[in-house]
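In the numbering used here, the protein residues as written are 499 to 580.
Where a beta carbon is used, it is the ideal one built from N, C-alpha and C, also for glycine.
The structure appears right after this line, and notes come after that.
Structure below.
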């Protein structure tokens, strides 16, 4: 799931100069880590719903879930239907 999440981030945000191997599972997605911003988060929330049928509706929970690729992948795996 982590590699799927990395590819989704790269494709959704058009990060053409980043490969999945360059994204560290425990690296922060925002700030000094990958450097994503709130607009990126909104785009990813829409894409997560589209690709994985997982909704992120609680803003405080979303902050925790979007901490790293690892936390995001774990949340998607735990909440994917079927």
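To the nearest angstrom, how far is the alpha carbon of residue i from that of residue j?
i	j	result
residue 540	residue 526	17 Å
residue 512	residue 554	22 Å
residue 521	residue 532	7 Å
residue 530	residue 505	20 Å
residue 549	residue 543	10 Å
For a test of the three-state rule: what should DSSP assign to residue i, helix, strand or coil?
i	result
residue 542	helix
residue 528	strand
residue 554	coil
Could you give the first and the last residue of the continuous alpha helix (DSSP H) run that contains residue i?
i	result
residue 517	From DSSP, residue 517 is part of no alpha helix (DSSP H); its letter is neither H nor E.
Leaving aside the five residues before and after residue i along the sequence, list all residues of the same chain whose C-beta is less than 6 Å from its C-beta, in chain order.
i	result
residue 523	500, 567, 568
Could you pull out every residue in the same chain whose Cβ sits closer than 8 Å to the Cβ of residue i, ignoring the five residues on either side in sequence?
i	result
residue 575	499
Skipping 5 residues on each side, what residues in its chain have a beta carbon closer than 7 Å to that of residue i?
i	result
residue 577	552
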